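Those protein sequence lines, which keep their order, are chains C and P. In short: position in the first sequence from 1, add 18, done, that's the numbering used here. In short: position in the second sequence from 1, add 146, done, that's the numbering used here. A virtual CB, placed ideally from N, CA and C, is assigned to each residue, including glycine. Please read all numbers here as calculations on a predicted model, not as lab measurements. Have a look at the structure below, then the notes.
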Amino acid sequence: MKEITMDVLHDAANRLLFDMSEQEYQTLYEEFKILTKQMEKIGKIEGLEAYAPMTFPFDVTVDYLREDVAETPLPRDEALKNAGSVQDHEIKLPKVVG
Amino acid sequence: MNTLDLSLNEIHAALVEKKVTPLELTQEAIKRAKESKDNAFELIDEANALAFAASLKGPEKDNVLWGIPYVLKDNFSTKGLPTTASSNILNGYVPLYDATVVSKLKAAKAVMIGKSTLDELAMGGTGTTGHLGKTYNPWDPTHQRMIGGSSCGSAASVCSGIVPFALGSDTGDSVRKPASFAGLVGMKPTWGRISRYGLFPFAPSLDHVGFFSRTAADSAYLLDVLAGRDNHDSTSSFKPVEKYESLIGKPVKGLKIAIIKEITDSITNQALKASFAKSVEALKKQGVEVEEVSFGRDLLESIYATYIVISCAEATSNDANLDGIKFGPNYGGKTYQEVMYNARTKGFSELIKRRFVIGSFALMRENQDVLFLRAQKNRAKIVEKTNAILKDHDFIYVPAAPSIAPSFSAASDKLSDEYLIADNHLALGNFAGLPSITLPLTLEEGMPIGINFMGRAFEEAKLYQIAAAFESISGLSNLSIRNKKEGNL
Numbered sequence: 019m020k021e022i023t024m025d026v027l028h029d030a031a032n033r034l035l036f037d038m039s040e041q042e043y044q045t046l047y048e049e050f051k052i053l054t055k056q057m058e059k060i061g062k063i064e065g066l067e068a069y070a071p072m073t074f075p076f077d078v079t080v081d082y083l084r085e086d087v088a089e090t091p092l093p094r095d096e097a098l099k100n101a102g103s104v105q106d107h108e109i110k111l112p113k114v115v116g
Numbered sequence: 147m148n149t150l151d152l153s154l155n156e157i158h159a160a161l162v163e164k165k166v167t168p169l170e171l172t173q174e175a176i177k178r179a180k181e182s183k184d185n186a187f188e189l190i191d192e193a194n195a196l197a198f199a200a201s202l203k204g205p206e207k208d209n210v211l212w213g214i215p216y217v218l219k220d221n222f223s224t225k226g227l228p229t230t231a232s233s234n235i236l237n238g239y240v241p242l243y244d245a246t247v248v249s250k251l252k253a254a255k256a257v258m259i260g261k262s263t264l265d266e267l268a269m270g271g272t273g274t275t276g277h278l279g280k281t282y283n284p285w286d287p288t289h290q291r292m293i294g295g296s297s298c299g300s301a302a303s304v305c306s307g308i309v310p311f312a313l314g315s316d317t318g319d320s321v322r323k324p325a326s327f328a329g330l331v332g333m334k335p336t337w338g339r340i341s342r343y344g345l346f347p348f349a350p351s352l353d354h355v356g357f358f359s360r361t362a363a364d365s366a367y368l369l370d371v372l373a374g375r376d377n378h379d380s381t382s383s384f385k386p387v388e389k390y391e392s393l394i395g396k397p398v399k400g401l402k403i404a405i406i407k408e409i410t411d412s413i414t415n416q417a418l419k420a421s422f423a424k425s426v427e428a429l430k431k432q433g434v435e436v437e438e439v440s441f442g443r444d445l446l447e448s449i450y451a452t453y454i455v456i457s458c459a460e461a462t463s464n465d466a467n468l469d470g471i472k473f474g475p476n477y478g479g480k481t482y483q484e485v486m487y488n489a490r491t492k493g494f495s496e497l498i499k500r501r502f503v504i505g506s507f508a509l510m511r512e513n514q515d516v517l518f519l520r521a522q523k524n525r526a527k528i529v530e531k532t533n534a535i536l537k538d539h540d541f542i543y544v545p546a547a548p549s550i551a552p553s554f555s556a557a558s559d560k561l562s563d564e565y566l567i568a569d570n571h572l573a574l575g576n577f578a579g580l581p582s583i584t585l586p587l588t589l590e591e592g593m594p595i596g597i598n599f600m601g602r603a604f605e606e607a608k609l610y611q612i613a614a615a616f617e618s619i620s621g622l623s624n625l626s627i628r629n630k631k632e633g634n635l
């Protein structure tokens, strides 16, 4: 596993496209120390490697095709309601490329 | 006693007998909501609620939810009403559709009076991290104690008597722990029993719709309406919906309960230990077979880290769309990355950002084996052990929390090595997707504290059977700050 350093945490936050206060990076650093210690303990639990990673509590199987029923799509005016800016029935975005 | 303070069945009877109207109930609920000083609401939808209540034609004798006011956690989509999940990044977001549970309650003609506040994006357990600040525990008028989270506003609105029921969501214990601190019935049914369409996802492998009520029977009536397959949610179950109140009142003699030794041993509060022991003896007197079993200390101590890694990893992926472009305010920027960076830096609280970094780090290729995959394997081992116990027992019975509601000064959302078992074991129900219900056990220093029963998958009716029997033991059915009781334990 990658060693936890303040630089690694800054890099991880920046990859997630946000920044935090220096105090919060310090809190996070302390949290990671606790978390990695606990995860190391979990690694020592006998027989753990034999288990398959569990992604959901139960298998959910959907094995049918739904009827091909025509539905009314979202009306245009409704769809544009949450847009901050609208022009000619289209969402207007600020220019961020080029 | 005001009609609003009765159980659902009793309110329904009053409605059918025309002693009260839906409009009068709604007016009283809104009055109480406005008077509340506990910071429970994101919004009170007064105009729509009054109009809907006034429009109801009836009464409908066979519909126990007809005309009943309720409160909805603000992470369920509501068409035309702002839905923020108490996060600044969703300020101003107005969904274009109703969550399935909202549609079902609307069809049942229950009256939604408002949306309750929560820990931001439902990722917290203290009721302090939402964008409106702390939610206070109504049982403590000095406002020193929390009510827990993340469904803090829903819990506060039911225990303060504003409404007889409220919806929440439960990913680790976010309904069942606050229920313990609020003296309520808090139910999380089997994973897949209730559609999650329209519930903002936190960690879908662990997320459940849950609800607060003041009696076990009320909770069963709610599940009757909310349960069922929904083609909008591919994880919802095809299993037929039952009459979940059908076993209430039937003798509990012969039912088998497991008590997990390491969990009861982890409780240091002597008053709680004594009340719990008394409750066990009372259950035995009713013919319930009680057996103490061992789960394994290492496995129980591993619940929290396992939960944090899995839930944070799922959350960081789910919330990647909260970026200031698809959702959230636009704070400007020269590139789209800068727009996202500004929106996410300003839009999320520090707790949420820390959780996202943990989740993202756990998912990185070089870390996956020892963090994310290890947590998922451990989840499988924990679930196997839980189900093995339930093979020989109908329920697992535990204290729901290690104490009464903590004071704000003692509570923290930072990761800690303390109370690893006592504070986190309710997540067993989320790992395994099992139905799990919290009920009030007793009061200490005037503050309630609860217990929890967890049953086998899709055996909710049996869970309500033992829950209702337990209410007769505790003497704390229909508890609220307007209907205080001393209890028997």
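Environment of residue i [buried if 16+ CB atoms lie within 10 Å]
{"i": "C:I109", "result": "exposed"}
{"i": "C:T74", "result": "The identity of residue 74 of chain C in the sequence shown is Phe, whereas the question assumes Thr. So C:F74 counts as exposed."}
{"i": "P:D244", "result": "buried"}
{"i": "P:S380", "result": "exposed"}
{"i": "C:P91", "result": "exposed"}
{"i": "P:K431", "result": "exposed"}
{"i": "P:G276", "result": "buried"}
{"i": "P:P386", "result": "exposed"}
{"i": "C:M24", "result": "exposed"}
Cβ-Cβ distance between residue i and residue j below 8 Å
{"i": "P:L264", "j": "P:S297", "result": "yes"}
{"i": "P:N598", "j": "P:R322", "result": "yes"}
{"i": "P:V248", "j": "P:T229", "result": "no"}
{"i": "P:N476", "j": "C:P112", "result": "yes"}
{"i": "P:T317", "j": "P:A349", "result": "yes"}
{"i": "P:H539", "j": "P:E438", "result": "no"}
{"i": "C:L34", "j": "P:F473", "result": "no"}
{"i": "P:L574", "j": "P:I405", "result": "no"}
{"i": "P:S495", "j": "P:E266", "result": "yes"}
{"i": "P:T336", "j": "P:L580", "result": "yes"}
{"i": "P:G601", "j": "P:F507", "result": "no"}
{"i": "P:S440", "j": "P:K402", "result": "no"}
{"i": "P:A614", "j": "P:A428", "result": "no"}
{"i": "P:Y610", "j": "P:E447", "result": "no"}
{"i": "P:T246", "j": "C:D37", "result": "no"}
{"i": "P:S320", "j": "P:S382", "result": "no"}
{"i": "P:A159", "j": "C:M72", "result": "no"}
{"i": "P:D184", "j": "P:P284", "result": "yes"}
{"i": "P:A175", "j": "P:L150", "result": "yes"}
{"i": "P:D364", "j": "P:I259", "result": "no"}
8 Å Cβ cutoff, residue i in contact with chain C
{"i": "P:K385", "result": "no"}
{"i": "P:V455", "result": "yes"}
{"i": "P:Q611", "result": "no"}
{"i": "P:N476", "result": "yes"}
{"i": "P:F494", "result": "yes"}
{"i": "P:A373", "result": "no"}
{"i": "P:F507", "result": "yes"}
{"i": "P:E605", "result": "no"}
{"i": "P:Q173", "result": "no"}
Beta-carbon contacts of residue i that lie in its chain and below 7 Å, excluding the five residues immediately before and after
{"i": "P:A186", "result": "S262, T263, T281, G299, A302 and S303"}
{"i": "P:I612", "result": "V398, L401, F541 and F599"}
{"i": "P:G621", "result": "K631, G633 and N634"}
Closer than 8 Å to chain P by CB, residue i
{"i": "C:M38", "result": "yes"}
{"i": "C:N23", "result": "Here residue 23 of chain C is Thr; the residue named in the question, Asn, does not match the sequence. No, C:T23 does not count as interfacial toward chain P."}
{"i": "C:K59", "result": "yes"}
{"i": "C:T90", "result": "no"}
{"i": "C:I63", "result": "yes"}
{"i": "C:V78", "result": "yes"}
{"i": "C:K99", "result": "yes"}
{"i": "C:L53", "result": "yes"}
Own chain, CB closer than 6 Å to residue i, minus 5 neighbours either side, in chain order
{"i": "P:A521", "result": "T452, V455 and I456"}
{"i": "P:G470", "result": "N476, V485, M486 and A489"}
{"i": "P:R628", "result": "D151 and G307"}
{"i": "C:L98", "result": "V104"}
beta-carbon residue i near the ligand HEM non-hydrogen atom, thresh 7 Å
{"i": "P:M486", "result": "Of the ligands one can find in the structure shown there are none, so the ligand HEM has no counterpart to examine."}
Other residues of its chain near residue i: CB distance less than 8 Å, five sequence neighbours each side excluded
{"i": "P:E435", "result": "G400, L401, K402 and I403"}
{"i": "P:A254", "result": "N209, L211, W212 and V371"}
Amino acids of chain A, ordered along the chain, whose beta-carbon sits closer than 7 Å to that of residue i
{"i": "C:A31", "result": "The chain inventory of the structure shown lacks chain A, comprising the protein chains C and P."}
TODO: Could you say if the segment 324 to 336 of chain P and the segment 207 to 226 of chain P meet the contact criterion of at least three C-beta pairs nearer than 8 Å?
DONE: No, the segment 324 to 336 of chain P does not touch the segment 207 to 226 of chain P.
Open item on the list: Assess contact between the segment 298 to 308 of chain P and the segment 344 to 359 of chain P, defined as three or more Cβ pairs (one per stretch) separated by less than 8 Å. Is contact present?
Closed with: Counting Cβ pairs under 8 Å, three or more are found: they touch.
Open item on the list: Closer than 8 Å is the cut-off here; do at least three beta carbon pairs connect the segment 167 to 178 of chain P with the segment 194 to 203 of chain P?
Closed with: Touching, yes.
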